[in-house]
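2 protein chains.
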Amino acid sequence: MRLSRRMANVHRSYIREILKVTQRPEVISFAGGLPSPDHFPVRAFADAAQAVLAEQGPQALQYSTTEGFPPLREFISRRYREKWGLDIPPEEILITSGSQQGLDLMAKVLLDEGDTVLIERPGYLGAIQCFSFFGVDFATVELTPSGPDLEELAMRLEEGVRLFYGVPTFQNPSGTAWDLTTRQEAARLLAASDAVFLEDNPYGELRFLGQDMPPVRAYLDSEQAVLMGSFSKIVAPGLRVGWVAAKPGIMHHLVTAKQASDLHTSSFTQRVLARYLADNDIDAHIALIRKEYGERREAMVAAIKEHFPPEVRHSEPEGGMFLWCTLPEGVSAVAVFDKVIKKDVAFVPGKPFYVDGTDGSFRLNFSNSTPARIAEGIKRLGKCLREVL
Amino acid sequence: MRLSRRMANVHRSYIREILKVTQRPEVISFAGGLPSPDHFPVRAFADAAQAVLAEQGPQALQYSTTEGFPPLREFISRRYREKWGLDIPPEEILITSGSQQGLDLMAKVLLDEGDTVLIERPGYLGAIQCFSFFGVDFATVELTPSGPDLEELAMRLEEGVRLFYGVPTFQNPSGTAWDLTTRQEAARLLAASDAVFLEDNPYGELRFLGQDMPPVRAYLDSEQAVLMGSFSKIVAPGLRVGWVAAKPGIMHHLVTAKQASDLHTSSFTQRVLARYLADNDIDAHIALIRKEYGERREAMVAAIKEHFPPEVRHSEPEGGMFLWCTLPEGVSAVAVFDKVIKKDVAFVPGKPFYVDGTDGSFRLNFSNSTPARIAEGIKRLGKCLREVL
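So the protein lines, in turn, are chains C and A. When you line the first sequence up against our numbering, it's residues 1 to 389, in that order. When you line the second sequence up against our numbering, it's residues 1 to 389, in that order.
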């Protein structure tokens, strides 16, 4: 079977393959990137589903507009205004089938074969995979603990970038949050370039330490700035509801691309979600998640300090779902993975997050394990690491 | 804002624009392509949603596999076997976000810029729009009342076709169903070519006259045959759940493309749908839809015979949701639309269903209006047509 040329650029997700190995029940896995199901609002969501079907009936199951359910777009618009003073009207918000779809739509509308896409180093694997379908060339900018290296960013933008994709708050995989100065300075550099900045913010609400940080979009209010968001981490990921906020010049084309891609996102899930948000205190729910995730992150950092050999460096993120570890120079995390999985504990090697295949780091997820399981798993992992190093 | 080159090939749906005009409440519109909401199983669906959340809890809201919810894939596989004796194992079925997404995934996996895509003439607008994003060249084969013109099909395949997209049963827009001989002969021609046949079958279950017809796939059991289906017309379209059935050689890549496009289709809607299908008699439900749609189609044909000028030719479909009318030589359906909409009645001009912009035909939807409203609307439309012609 002859495939399209673009398929030569894309690879089945390495993480997918890893997750198969880690699904044995005896494995304590920090490999997945799952939010904690213990905090999904199952009961309130069931009530919302009943109310929607009882009150809105067949309309909740009929075809609907490509742009999305108006009350949901209004909710998102209102939240940007109340939280950050951002003026993003509902008309500039497109509901997507998860924010992963936002990547695909942006690529369709903006990217030609051979265009340069700039990503953070390390960068989000799902974006690398999505953009690979469009035959682009990747450039990278080093992610320091305060955000992208600004000198390198200036240089890359100078060289010519069509799209800069970044996750400024609690990035996957590194957990890094850009600091305020970096946000402002990056916005200034972007404004002076003709690159589009695609800002992905699925984890921004999950802060358990320090101050909430405005999106870069707050400092770059132009057609260049496209902001994505998601209900996956604050309500539930199985709904597949996210959004793209873009100015009308891009929005018009995103809607056309969305129509050709899946007509619209499920009317049913959109309406149930909108009803859930109307009937419940989402801030109280987010506060609960923040508290629980904070405890899990605490448990992981404490266990690492106790059990890991000191030559393994680790991040101490202020939010999100991930902690990032770096092995001593020359040690392969892929090779270490093959050893630790035999001891029934798992992480994701950092390699697939680097377009140049850099090995030597790994990602730990803390949101999806209880503190007790984290303590036991990190102890096991620490023992392996001591043996290997 | 510089867009990707592919955006020069695609246009916002003309029907979308038309639907805006036809939404005034006083308009009797046969323009939309909506199934009847009167027959959505709202109550049973609400019960299924409750059962899923009560019994499966957070798992119904968590990330899930790209391929789809296993019981749903098993249902589809079983139905193919029971209905047509087709052996399509669950592993060869990928759940998609509506069958529109199946088009996008197939295009990603198979189509390069400049490839030739063959479609029926007229052809499904959503497919034309989707494939336009991939910079393909369109070729067409005339759709006769018994299916594609076989001599022309042979010629086109001879000329070299990468993908042949067809809707063999109650096509949108024409309502045409290929007869059995045409299915078998088309399969033979396809087997002798190296084209992939993408068979879209959203309307196949909606037959109210004559005998159910097996998919072309029944006569072309090779990697070349890819079959799509949808729950939109037999359960409800707002769920956005469809599927692609393909052999492993293509399936593997479709899964990779799906992962990059939206990770997976909503776990929640998939589980609720699977539960609805397990707890209810879907054949009894389909029988009800067939009966109701049959009555609506009867009402429309009868009213057309009474009110339309005889020089307007019309189809008499045995199933589906659409009836196709052809104006006398030289009369523009677009121009007629502009007149009839002023009399508060609407259809969709046929022009956007032709890649060469052929004008002179129009599509009438009968599934979404009661027989009484159909009688009144067709009377109104007949009066306009008599005045115009």
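Every residue gets a Cβ at the ideal spot worked out from N, C-alpha and C, and that includes glycine. Predicted, not measured: the structure shown is a model, and the values here were computed from it.
- Task: Please go through the segment 135-214 of chain C and give each complete beta strand (DSSP E) segment of 3 or more residues, from N-terminal end onward.
- Result: The DSSP assignment places complete beta strand (DSSP E) segments of no fewer than 3 residues inside the segment 135-214 of chain C at 137-144, 163-166, 196-200, in order along the chain.
- Query: Starting from glycine 242 (chain A) and walking both ways along the beta strand (DSSP E), at which residues does that stretch end?
  - Reply: 242-245
- Query: When the Cα atoms are used, what is the spatial distance from proline 248 (chain C) to lysine 108 (chain C)?
  - Reply: 16 Å
- Query: Listing by chain order, which chain A residues have their CB less than 7 Å from the CB of glycine 57 (chain C)?
  - Reply: Val42
- threonine 182 (chain C) versus phenylalanine 164 (chain C): straight-line alpha-carbon distance, rounded: 15 Å
- Where do the ends of the alpha helix (DSSP H) carrying isoleucine 119 (chain A) lie? Isoleucine 119 (chain A) -> not in any alpha helix (DSSP H); beta strand (DSSP E) instead, spanning 116-121.
- Query: Hey, does valine 345 (chain A) have any beta-carbon neighbour from chain C nearer than 8 Å?
  - Reply: False, the Cβ-Cβ gap to chain C never drops below 8 Å.
- On the three-state DSSP scale, how would you describe methionine 228 (chain C)? The three-state secondary structure of methionine 228 (chain C), taken from DSSP, is strand.
- Query: Just how far apart, CA to CA, sit leucine 190 (chain C) and glycine 238 (chain C)?
  - Reply: 34 Å
- Coil, strand or helix - proline 349 (chain A) by DSSP: strand
- Message: Given this structure, state the Cα-to-Cα distance separating leucine 263 (chain C) from proline 35 (chain C), to the nearest angstrom.
- Response: 28 Å
- Say whether chain A places a C-beta atom closer than 8 Å to the C-beta of lysine 108 (chain C). yes
- Can you pull the DSSP bridge partners for histidine 314 (chain A)? A:Cys325
- Task: Could you spell out the range, first to last residue, of the alpha helix (DSSP H) harbouring phenylalanine 337 (chain A)?
- Result: Here the alpha helix (DSSP H) through phenylalanine 337 (chain A) covers 333-340.
- Message: Count Cβ pairs between the segment 90-106 of chain C and the segment 222-236 of chain A that sit closer than 8 Å; are there 3 or more?
- Response: no
- Item | Any C-beta of chain A under 8 Å from that of glutamine 100 (chain C) | Chain A contact via Cβ: present.
- Message: I need the straight-line Cα distance from valine 117 (chain A) to arginine 207 (chain C), nearest angstrom please.
- Response: Roughly 49 Å separates the two Cα atoms.
- Message: Would glycine 135 (chain A) and glycine 320 (chain A) qualify as a contact pair, given that the criterion is a beta-carbon distance under 8 Å?
- Response: no
- With isoleucine 304 (chain C) as the anchor, note down where its alpha helix (DSSP H) starts and where it stops. 282-307
- Query: Can you name the residues that DSSP bridges to glycine 319 (chain A)?
  - Reply: Bridge partners of glycine 319 (chain A) according to DSSP: A:Arg207.
- Query: What is the C-beta distance between isoleucine 28 (chain A) and arginine 380 (chain A), in whole angstroms, given that I count them as a contact (C-beta under 8 Å)?
  - Reply: 7 Å
- With 16 other CB atoms within 10 Å as the buried threshold, where does aspartate 279 (chain A) fall? Exposed, because fewer than 16 other Cβ atoms sit within 10 Å of the Cβ of aspartate 279 (chain A).
- So, using beta-carbon positions, are glycine 294 (chain C) and valine 345 (chain C) closer together than 8 Å? Taking 8 Å as the Cβ cut-off, glycine 294 (chain C) and valine 345 (chain C) do not qualify as a contacting pair.
- Task: Please determine if the segment 199-215 of chain C and the segment 53-67 of chain C are in contact, where contact requires at least 3 C-beta pairs separated by less than 8 Å.
- Result: Look at the beta carbons and you see the segment 199-215 of chain C not touching the segment 53-67 of chain C: under three pairs across the two are nearer than 8 Å.
- Within the chosen definition, does the segment 299-319 of chain A reach the segment 76-85 of chain A through at least 3 CB pairs nearer than 8 Å? no
- Enclosing beta strand (DSSP E) for leucine 364 (chain A) [first to last residue]: 361-365
- Query: At what residues does the alpha helix (DSSP H) containing isoleucine 18 (chain C) begin and finish?
  - Reply: 14-21
- Message: Any beta carbon from chain C within less than 8 Å of isoleucine 250 (chain A)'s own beta carbon?
- Response: yes
- Please list the partners that leucine 3 (chain A) has in chain C, where partner means a Cβ-to-Cβ separation under 8 Å. Val109, Leu110, His253
- Task: Return helix, strand or coil for serine 29 (chain A), following the three-state DSSP convention.
- Result: strand
- Message: Under 7 Å, CB to CB, which of the residues in the segment 219-235 of chain C have a partner in chain A?
- Response: Glu223
- Message: Can you tell me whether leucine 111 (chain A) is helix, strand or coil according to DSSP?
- Response: coil
- Item | C-alpha gap between arginine 16 (chain A) and aspartate 38 (chain A), whole angstroms | 23 Å
- Query: Is the Cβ of phenylalanine 337 (chain A) closer than 8 Å to any Cβ of chain C?
  - Reply: no
- Message: Can you find the residues in the same chain that come closer than 7 Å, C-beta to C-beta, to proline 328 (chain C), ignoring five residues on each side of it along the sequence?
- Response: Excluding positions up to five away in sequence, the list reads Glu311, Leu389.
- Query: the segment 61-84 of chain C: which residues have C-beta closer than 7 Å to a C-beta of chain A, in chain order?
  - Reply: Leu61, Gln62, Tyr63, Ser64
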